[in-house]
Amino acid sequence: MSILDLRYADWDREVDSSNTPVVVEFWHQSCPLCKKIESTVMGLPTKLGERAKLVRLNVMDSRENRRLAIDKGVVGTPTFKVYCRGVEVGEIVGLETTENLMGTIENLLKNCS
Amino acid sequence: MYDVIILGAGPAGLTAALYAARGKLKSLVITGPMVGGQIALTYQIDNYPGFPEGLTGPELSDRFKAHAEKFGAEFIEAEATSVDLASNPYKAWVGDRVFDTSSLIVATGMTHRGLGVQGEDRLMGRGVFVCATCDALLYEDRKVVVVGGGDSALQEALDLAKFASEVTIVHRREELRACRCLTDRALIEPRIKFLYSTVVEEILGEKRVQGVRLRDLKTGELKVVDTDGVLLAIGWNPNTGLLRGEIEMNDSGYPKTEGVKTSKPGVFVAGDLIDRNYRQVVTSCGSGCAAAIEAIRWLEAQPSH
Numbered sequence: 008m009s010i011l012d013l014r015y016a017d018w019d020r021e022v023d024s025s026n027t028p029v030v031v032e033f034w035h036q037s038c039p040l041c042k043k044i045e046s047t048v049m050g051l052p053t054k055l056g057e058r059a060k061l062v063r064l065n066v067m068d069s070r071e072n073r074r075l076a077i078d079k080g081v082v083g084t085p086t087f088k089v090y091c092r093g094v095e096v097g098e099i100v101g102l103e104t105t106e107n108l109m110g111t112i113e114n115l116l117k118n119c120s
Numbered sequence: 013m014y015d016v017i018i019l020g021a022g023p024a025g026l027t028a029a030l031y032a033a034r035g036k037l038k039s040l041v042i043t044g045p046m047v048g049g050q051i052a053l054t055y056q057i058d059n060y061p062g063f064p065e066g067l068t069g070p071e072l073s074d075r076f077k078a079h080a081e082k083f084g085a086e087f088i089e090a091e092a093t094s095v096d097l098a099s100n101p102y103k104a105w106v107g108d109r110v111f112d113t114s115s116l117i118v119a120t121g122m123t124h125r126g127l128g129v130q131g132e133d134r135l136m137g138r139g140v141f142v143c144a145t146c147d148a149l150l151y152e153d154r155k156v157v158v159v160g161g162g163d164s165a166l167q168e169a170l171d172l173a174k175f176a177s178e179v180t181i182v183h184r185r186e187e188l189r190a191c192r193c194l195t196d197r198a199l200i201e202p203r204i205k206f207l208y209s210t211v212v213e214e215i216l217g218e219k220r221v222q223g224v225r226l227r228d229l230k231t232g233e234l235k236v237v238d239t240d241g242v243l244l245a246i247g248w249n250p251n252t253g254l255l256r257g258e259i260e261m262n263d264s265g266y267p268k269t270e271g272v273k274t275s276k277p278g279v280f281v282a283g284d285l286i287d288r289n290y291r292q293v294v295t296s297c298g299s300g301c302a303a304a305i306e307a308i309r310w311l312e313a314q315p316s317h
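Here the protein sequences line up with chains A and B, keeping their order.
Under the working numbering, residues 8 to 120 are what the first sequence spells out, in order.
Under the working numbering, residues 13 to 317 are what the second sequence spells out, in order.
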């Protein structure tokens with residue numbers, strides 16, 4: 008399953024206006040911990056199923072993407088934020104095991120109902 | 013039963029694995045938290061011989077690992093939880109799994125030293141960070157405090173100054189310890205400020221770093237400085253907790269060694285743990301190679317071998 012590579016201009020449509028909860032990974036290609044957690048990230052869409060969608064925002068891709076991440080309060084990579092109808096309900100910062108990452112996301116998604 | 017277990021998978025551990033496996037030793041690497049070690053957190057490596065175009069740290073560590081695997085080295089990507097060197101065969105545990113080995117190479121390297129102040133652990137990754145290469149760009153137009161006065165502190169401050177609105181170097185001594193090549197550049201960088209004879213006493217903030225409480229060591233004066241980030245560059249601690257009580261160590265936690273040999277027969281050390289001088293990828297590879305050669309010689313000299 009492919010993961011949408013979000014651009015600055017897509018945020019409103021894909022996150023703020025989404026009826027489905029959204030998990031956003033803020034990452035970049037020079038971030039070693041992002042590389043380390045990549046296989047976990049690639050497995051997330053299957054684990055999330057219909058409950059939430061996963062998108063990625065590369066903070067190095069453009070200045071607009073970077074500014075967006077900064078505006079959203081991101082200070083380290085990787086950061087995962089969970090949004091319900093555009094409202095952030097929590098975040099996970101740094102390297103985590105698949106179990107911990109999924110467990111925390113599951114808990115945060117409970118805030119969406 | 014292994015001929016050699018290698019703890020750590022930085023340049024030293026991976027080179028030791030390559031040499032040991034190529035030397036026909038049944039070799040197991042217990043990688044520790046990250047294959048590549050510190051180079052996994054280094055974006056660009058421009059001084060590893062044979063790669064004039066440079067390459068990334070993760071690329072180089074992938075190559076090191078593939079090279080060791082080619083000769084048959086086995087890997088467990090996990091941290092060793094304890095070792096028992098009381099008698100041979102030596103034992104290493106990963107959780108409840110135990111592995112026996114005739115010899116051991118310790119290449120566990122170093123971990124960033126922390127300040128040990130309030131707020132540090134709670135705000136790690138939330139404004140407290142150790143790797144400017146990874147996150148400097150997220151501090152665009154923000155303020156950052158860099159703690160330290162050595163080469164890495166100055167290099168990180170210069171990297172941050174490309175993005176941050178203001179970088180304040182907080183250093184406990186009266187003078188910087190970094191090389192002239194870096195201090196000369198930092199002193200003329202208008203975005204970098206210096207606070208000497210000053211220590212961080214507390215990192216402030218709820219969910220994000222918002223400030224630091226500083227103490228002037230000369231006057232004793234306390235003050236709060238607003239900041240969005242705190243980058244720690246105050247040096248390194250050796251990762252030798254596993255070996256406490258098993259081999260002789262000095263007061264700073266470094267193994268006592270003669271070359272790559274420790275106080276325990278068949279136990280060798282490589283990488284940053286025996287190099288407080290150079291700490292380059294290539295010197296770590298060199299001591300990893302030496303440790304593997306010594307392990308091979310030691311095993312050949314054992315009557316049972």
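Yeah, the Cβ is synthetic: ideal placement off N, Cα and C, and Gly gets one too.
- CA-CA distance, residue 72 of chain B to residue 24 of chain A, rounds to 42 Å.
- Residue 105 of chain B is bridged by DSSP to B/94, B/110.
- Residue 205 of chain B sits in a strand when the DSSP states are folded into three classes.
- In this structure residue 177 of chain B is exposed. Its beta-carbon is surrounded by fewer than 16 other beta-carbon atoms within 10 angstroms.
- Chain B has a Cβ within less than 8 Å of the Cβ of residue 43 of chain A.
- Against chain B, the CB of residue 67 of chain A has a partner CB under 8 Å away; the residue lies at that interface.
- Interface residue (Cβ-Cβ distance to chain A less than 8 Å): residue 31 of chain B is not classified as such.
- In the displayed model, residue 83 of chain B falls within coil according to three-state DSSP, outside both helix and strand.
- Taking C-beta atoms under 8 Å as the contact rule, residue 110 of chain B and residue 20 of chain B fail to qualify, at a distance of about 19 Å.
- If you check each beta-carbon in the region 65 to 99 of chain B against every beta-carbon of chain A, the ones closer than 8 Å belong to 68, 69, 70.
- Interface residue (Cβ-Cβ distance to chain A less than 8 Å): residue 269 of chain B is not classified as such.
- Considering only beta carbons, the part of the region 26 to 58 of chain B lying closer than 7 Å to chain A consists of 46, 52, 53, 55, in chain order.
- Annotation: the continuous beta strand (DSSP E) that includes residue 243 of chain B extends over 241 to 244.
- Distances from the CA of residue 93 of chain A to each of A/103, A/76, A/26 were compared; the closest alpha carbon is that of A/26.
- Taking 8 Å as the CB threshold, residue 184 of chain B stays off the interface with chain A.
- Out of B/240, B/237, B/267, B/260, the CA that lies nearest to the CA of residue 251 of chain B is found in B/267.
- Residue 77 of chain A reaches chain B at 150, 152, counting residues in chain order whose Cβ is nearer than 7 Å.
- Contact check for residue 18 of chain A against residue 85 of chain A fails: the beta carbons are separated by 8 Å or more.
- Residue state for residue 91 of chain A is assigned as strand, using DSSP reduced to three classes.
- For residue 227 of chain B, the uninterrupted beta strand (DSSP E) run begins and ends at 223 to 228, by DSSP.
- For the region 81 to 96 of chain A, the residues whose beta carbon sits under 9 Å from a beta carbon of chain B are, in order, 81, 82, 83, 84, 86.
- Taken through DSSP and simplified to helix, strand or coil, residue 65 of chain A comes out as strand.
- Residue environment: residue 39 of chain B is assigned as buried (16 or more neighbouring CB atoms within 10 Å of its CB, all protein chains considered).
- Neighbours of residue 220 of chain B in chain A, taken as residues whose beta carbon is under 8 Å from its own, are 80, 82 in chain order.
- Look at residue 73 of chain B here: in three-state DSSP terms it is helix.
- With a contact defined as Cβ atoms closer than 8 Å, residue 284 of chain B and residue 122 of chain B qualify at about 5 Å.
- In this structure residue 246 of chain B is not in contact with residue 134 of chain B, their Cβ atoms being roughly 18 Å apart against a cut-off of 8 Å.
- For residue 147 of chain B, the uninterrupted alpha helix (DSSP H) run begins and ends at 144 to 147, by DSSP.
- For the region 18 to 43 of chain A, residues whose beta-carbon sits nearer than 8 Å to a beta-carbon of chain B comprise 35, 37, 38, 39, 40, 42, 43.
- What residue 139 of chain B touches in chain A, judged by beta-carbon distance under 9 Å, is 82, 83, going in chain order.
- Annotated three-state conformation of residue 187 of chain B is coil, per DSSP.
- Across the region 231 to 258 of chain B, CB contacts with chain A closer than 8 Å involve 240, 241, in sequence order along the chain.
- Take the alpha-carbon of residue 289 of chain B and the one of residue 45 of chain B: they are about 24 Å apart.
- For residue 60 of chain A, the secondary structure class from DSSP, reduced to helix, strand or coil, is strand.
- Between residue 145 of chain B and chain A, the shortest Cβ-Cβ separation is below 8 Å.
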